[in-house]
Amino acid sequence: VARTYFRQIVRAISYCHRLHVVHRDLKPENVVFFEKLGTVKLTDFGFSNRFCPGQKLETSCGSLAYSAPEILLGDSYDAPAV
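Under the UniProt record's numbering, think of the first position of the sequence shown as 1, with each following residue one higher.
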């Protein structure tokens with residue numbers, strides 16, 4: 001079951017990245033599980049942003065506890081990688 005849910009989360013993130021969209025606030029509270037259907041959905045795209053491949057972002061946003069080290073240090077970052 002966990003593998004199925006995790007696969008769906010990764011596919012959803014990959015889909016967003018193919019559209020050049022980064023969520024920027026991924027955390028457990030922003031993943032909704034539909035147990036009867038066996039599906040998950042990503043929610044709360046309020047901090048999401050479009051990105052251009054190869055260009056780094058500099059905006060710090062999202063939940064501090066789930067932030068990547070680059071963001072905590074105030075460095076620019078490769079949006080899909082972070």
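We put the CB at the ideal spot given by N, CA and C, even for glycine.
Notebook entry, point to check: By the 10 Å Cβ neighbour count, where 16 or more other Cβ atoms means buried, how is residue 62 classified, buried or exposed?
Noted result: Counting from one through the sequence shown, the residue named residue 62 turns up at place 62. Buried, since its Cβ has 16 or more Cβ neighbours within 10 Å.
Note to self: For residue 34, list the residues DSSP reports as bridge partners.
What the structure shows: Here residue 34 refers to the residue found at position 34 when the sequence shown is read from its first residue. 39.
Next item on the list: May I ask you to report which of helix, strand or coil DSSP gives residue 57?
Entry: Residue 57 sits at position 57 when you count from the first residue of the sequence shown. Strand at residue 57.
Check: If we count the other Cβ atoms within 10 Å of its Cβ and call it buried at 16 or more, is residue 10 buried or exposed?
Finding: Numbered from its first residue, the sequence shown carries residue 10 at position 10. Answer is exposed; the Cβ neighbour count stays below 16.
Next item on the list: Pick helix, strand or coil for residue 50, following the three-state DSSP scheme.
Entry: Here residue 50 refers to the residue found at position 50 of the sequence shown. Strand.
Check: Which residue comes first and which comes last in the alpha helix (DSSP H) that contains residue 14?
Finding: Reading the sequence shown from its first residue, position 14 is the one you call residue 14. Unbroken alpha helix (DSSP H) run through residue 14: 2-18.
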